[in-house]
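Working notes for the structure below.
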Amino acid sequence: MTITDQDFQLFIYALKNSSKYDFSQYSEKSLRRRLAKVLADNKLTPPLLISRMKNDNKFVEKIVNEITVNTTELFRDPQVWQAIRYAILPKLKNNSVINIWHAGCSTGQEVYSMLILLSELGLLEKTKVYATDLNAEVLNNARQGQYKYRFNIGYLDNFDKVIKENPYNFEEYNDVPYENYFYIDKTSDLIKMSSNLKDKPIFKKHDLVTEDNTLYVKFDIILCRNVIIYFNYDLQNRVFDLFHKNLYDNGCLVLGLHETILGSYSVKFQKKGHAYYKN
Amino acid sequence: MDYKAVIIGGSAGSFQVVTRILNSMPKNFPIPVLLCLHRLKHVRSGFVEALSLKSSIPVEEPYDKDQLKPSHAYLAPANYHMYIELANRIALSTEDPVNHSRPSIDLSFITAANAYRQKLIGIILSGANKDGAYGLKKVHDNGGTTIVQDPNECEVRTMTQSALQLTKVDHVYSTDQIIKYLLKL
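Same order as they appear, the protein sequences are chains Z and H.
FYI, the numbering used here numbers position 70 of the first sequence as 70, with every residue one higher than the one before it.
In short: position in the second sequence from 1, add 279, done, that's the numbering used here.
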């Protein structure tokens with residue numbers, strides 16, 4: 001379905017008026033595409049969608065959930081997780097407490113990746129892990145910690161690269177059993193995270209676009225991977241401001257592999273390897 | 280015609296062609312070159328380096344919201360869709376693959392066609408699936424110039440033939456003719 005410029009603007013306006021969500025500064029091309037998909041999936045025309053949004057809050061939540069992109073993996077981009085393991089976390093090992101925020105955590109695979117890594121390094125006890133997303137439905141999935149197995153078989157390769165192998169020493173191999181952290185249930189085709197991992201994070205609904213830090217702590221590490229690509233240039237700067245204010249000195253921000261800090265905040269962070277350290 | 284960008288899509292059999300095109304470009308090629316090429320899933324790195332080796336203009340895998348510059352080539356990064364936003368910026372996306380492809384040539388072409396309209400040149404090269412055919416049609420529908428590599432010259436002709444079936448293109452060119460055409464810009 002083609003969406004006219006006017007339909008698109010009306011949708012954003014309706015959303016802003018009937019809810020607390022503001023998509024006006026999202027990246028236009030992908031938002032348009034998502035909107036077209038939502039219309040097709042729900043067999044709606046733009047005017048029908050907009051009129052239903054006006055007096056049905058549940059429907060608005062459903063549409064927002066469908067419109068946001070929720071692709072994530074366990075140890076996505078292993079080289080980034082190797083950097084977290086060997087370059088970022090070791091610097092924090094003498095802290096009495098470590099605070100980590102997964103901003104835009106989606107279905108939680110990277111939250112569990114972090115928990116596994118923390119456990120391997122003996123840092124799980126003293127770390128507080130916060131995970132937020134705009135989408136309440138994906139947060140529930142994250143809490144459940146269950147993922148399709150066959151579809152996600154690449155998770156195990158990623159796990160091996162980050163947990164079992166050492167990129168700096170090819171002779172080293174730590175045969176850490178998957179069962180330490182998750183159970184593969186082949187009958188139900190599920191990877192199930194162990195309950196000691198699931199109980200650890202604090203999951204909370206949070207909108208990076210309209211809300212301030214509602215976790216009321218500062219952070220040593222903020223991970224926000226493949227989230228800001230859906231925001232336009234101006235909105236990205238607002239989010240960098242939020243992150244900058246809520247990082248401890250020497251805290252760092254980890255972005256997606258092809259995300260970077262452009263504009264005025266580029267001088268307020270220093271890039272080292274895969275992380276942006278607060279100046 | 281005052282063009283603002285060239286966009287090139289290809290898959291199996293396109294690597295050599297793209298290498299030759301980039302090699303023959305003048306260092307001051309007046310507009311940005313957008314490349315959306317499928318690659319093997321396990322070859323995630325090294326591709327941009329391989330293309331850079333013989334290219335006369337810099338080839339980069341862009342970051343999200345990077346501003347496009349003339350005389351630069353931008354290769355859609357592995358595992359991301361690459362969109363062209365208004366204001367000459369790249370936008371990346373991790374939305375699901377389209378026709379089993381991420382990057383999707385169709386999506387890059389559609390967004391570029393929308394951003395540049397008649398000031399875009401779209402080129403489809405050798406490839407083993409039909410990704411790109413719909414995108415090239417959108418380039419055409421928006422008044423842009425469309426070129427398809429001569430299927431007789433293609434290592435795999437599915438992509439070019441699908442494009443030709445869907446759109447009455449402006450030119451069916453050999454690699455040499457594509458190069459000659461671009462040199463005149």
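Glycine included, each C-beta is placed from N, C-alpha and C at the ideal position.
In whole angstroms, what is the alpha-carbon distance linking residue i and residue j?
i: valine 254 of chain Z; j: glutamate 374 of chain H; result: 20 angstroms
i: leucine 134 of chain Z; j: glutamate 66 of chain Z; result: 11 angstroms
i: valine 209 of chain Z; j: lysine 126 of chain Z; result: 30 angstroms
i: cysteine 224 of chain Z; j: asparagine 246 of chain Z; result: 13 angstroms
i: methionine 193 of chain Z; j: aspartate 207 of chain Z; result: 26 angstroms
i: isoleucine 84 of chain Z; j: asparagine 94 of chain Z; result: 16 angstroms
i: histidine 416 of chain H; j: alanine 442 of chain H; result: Rather than histidine, the amino acid found at residue 416 of chain H in this sequence is lysine. Cα-Cα distance, rounded: 8 angstroms.
i: isoleucine 517 of chain H; j: lysine 447 of chain H; result: Outside the displayed range of chain H (280 to 464) lies residue 517 of chain H, so it cannot be described from this structure.
i: tyrosine 353 of chain H; j: leucine 74 of chain Z; result: 28 angstroms
i: phenylalanine 294 of chain H; j: glycine 406 of chain H; result: 10 angstroms
i: lysine 205 of chain Z; j: tyrosine 452 of chain H; result: 54 angstroms
i: glutamate 259 of chain Z; j: arginine 76 of chain Z; result: 14 angstroms
i: threonine 71 of chain Z; j: aspartate 241 of chain Z; result: 25 angstroms
i: leucine 314 of chain H; j: alanine 136 of chain Z; result: 37 angstroms
i: asparagine 250 of chain Z; j: alanine 275 of chain Z; result: 11 angstroms
i: serine 383 of chain H; j: glutamate 432 of chain H; result: 23 angstroms
i: methionine 222 of chain H; j: leucine 365 of chain H; result: The question about residue 222 of chain H has no answer here: the residues shown for chain H are numbered 280 through 464.
i: glutamine 397 of chain H; j: arginine 381 of chain H; result: 26 angstroms
i: asparagine 378 of chain H; j: glycine 288 of chain H; result: 14 angstroms
i: proline 90 of chain Z; j: leucine 15 of chain Z; result: 44 angstroms
i: lysine 164 of chain Z; j: glutamine 82 of chain Z; result: 11 angstroms
i: serine 119 of chain Z; j: valine 176 of chain Z; result: 12 angstroms
i: leucine 262 of chain Z; j: lysine 186 of chain Z; result: 45 angstroms
i: valine 338 of chain H; j: arginine 318 of chain H; result: 16 angstroms
i: glutamine 144 of chain Z; j: valine 111 of chain Z; result: 12 angstroms
Does residue i pass the burial test, meaning 16 or more other C-beta atoms within 10 Å, or should it be called exposed?
i: glutamate 211 of chain Z; result: exposed
i: arginine 150 of chain Z; result: exposed
i: isoleucine 222 of chain Z; result: buried
i: tyrosine 230 of chain Z; result: buried
i: glutamate 328 of chain H; result: exposed
i: isoleucine 426 of chain H; result: buried
i: glycine 122 of chain Z; result: exposed
i: lysine 20 of chain Z; result: exposed
i: serine 96 of chain Z; result: exposed
i: isoleucine 153 of chain Z; result: exposed
i: phenylalanine 170 of chain Z; result: exposed
i: glycine 108 of chain Z; result: buried
i: glutamine 428 of chain H; result: buried
i: proline 78 of chain Z; result: buried
i: serine 113 of chain Z; result: buried
i: serine 30 of chain Z; result: buried
i: isoleucine 202 of chain Z; result: exposed
i: proline 356 of chain H; result: buried
i: asparagine 393 of chain H; result: buried
i: valine 60 of chain Z; result: buried
Quick one: what does DSSP say residue i is sitting in, helix, strand or coil?
i: arginine 318 of chain H; result: coil
i: glutamate 339 of chain H; result: strand
i: glutamate 165 of chain Z; result: strand
i: threonine 132 of chain Z; result: strand
i: histidine 244 of chain Z; result: helix
i: histidine 351 of chain H; result: coil
i: tyrosine 277 of chain Z; result: strand
i: arginine 52 of chain Z; result: helix
i: threonine 454 of chain H; result: helix
i: isoleucine 280 of chain Z; result: The question about residue 280 of chain Z has no answer, for chain Z in this structure spans 1 to 279.
i: valine 418 of chain H; result: helix
i: valine 69 of chain Z; result: coil
i: leucine 117 of chain Z; result: helix
i: lysine 271 of chain Z; result: strand
Using 8 angstroms for Cβ pairs, my map puts residue i next to residue j. What's the rounded Cβ distance?
i: tyrosine 413 of chain H; j: leucine 445 of chain H; result: 7 angstroms
i: valine 296 of chain H; j: leucine 461 of chain H; result: Incorrect: roughly 12 angstroms between the Cβ atoms, too far for contact.
i: tyrosine 359 of chain H; j: leucine 371 of chain H; result: 4 angstroms
i: alanine 391 of chain H; j: isoleucine 369 of chain H; result: Their Cβ separation, rounded to whole angstroms, is 10 angstroms, which puts alanine 391 of chain H and isoleucine 369 of chain H out of contact at 8 angstroms.
i: leucine 316 of chain H; j: serine 335 of chain H; result: So it is not a contact: roughly 18 angstroms between Cβ atoms.
i: isoleucine 402 of chain H; j: isoleucine 457 of chain H; result: 6 angstroms
i: tyrosine 248 of chain Z; j: lysine 218 of chain Z; result: 5 angstroms
i: valine 129 of chain Z; j: lysine 200 of chain Z; result: 6 angstroms
i: isoleucine 50 of chain Z; j: phenylalanine 11 of chain Z; result: 6 angstroms
i: leucine 197 of chain Z; j: tyrosine 181 of chain Z; result: 6 angstroms
i: leucine 35 of chain Z; j: isoleucine 3 of chain Z; result: 6 angstroms
Chain Z contacts from the region 368-384 of chain H (Cβ-Cβ distance under 8 angstroms) = Going along the region 368-384 of chain H in chain order, one finds Arg368, Ala370, Leu371, Ser372, Thr373, Glu374, Asp375 with a Cβ nearer than 8 angstroms to chain Z.
query = the region 226-254 of chain Z: which residues have C-beta closer than 8 angstroms to a C-beta of chain H, in chain order?
reply = Correct list: Asn226, Ile228, Ile229, Tyr230, Asn232, Tyr233, Gln236.
request  = Taking a Cβ distance cut-off of 8 angstroms, strictly less, list which residues of the region 91-110 of chain Z are near chain H, in chain order.
outcome  = Answer set for the region 91-110 of chain Z: empty.
request  = Output, in sequence order along the chain, the residues in the region 340-352 of chain H whose CB is closer than 9 angstroms to any CB in chain Z.
outcome  = Residues Glu340, Pro341, Tyr342, Asp343, Lys344, Asp345, Gln346.
query = Looking at chain H, which residues of the region 17-31 of chain Z have a Cβ within less than 8 angstroms of any of its Cβ atoms?
reply = Residues Ser27, Glu28, Lys29, Ser30.
Contacting positions in the region 63-81 of chain Z - beta carbon closer than 7 angstroms to chain H = Cβ contacts with chain H come from Val69, Thr71.
task = Quick one: which residues of the region 288-306 of chain H get their C-beta closer than 7 angstroms to a C-beta of chain Z? List them in chain order.
result = Result list empty, no residue passes.
query = Which of the residues in the region 252-276 of chain Z, read from start to end, lie with their CB under 7 angstroms from any CB of chain H?
reply = The region 252-276 of chain Z vs chain H, Cβ under 7 angstroms: His258, Glu259, Thr260, Leu262.
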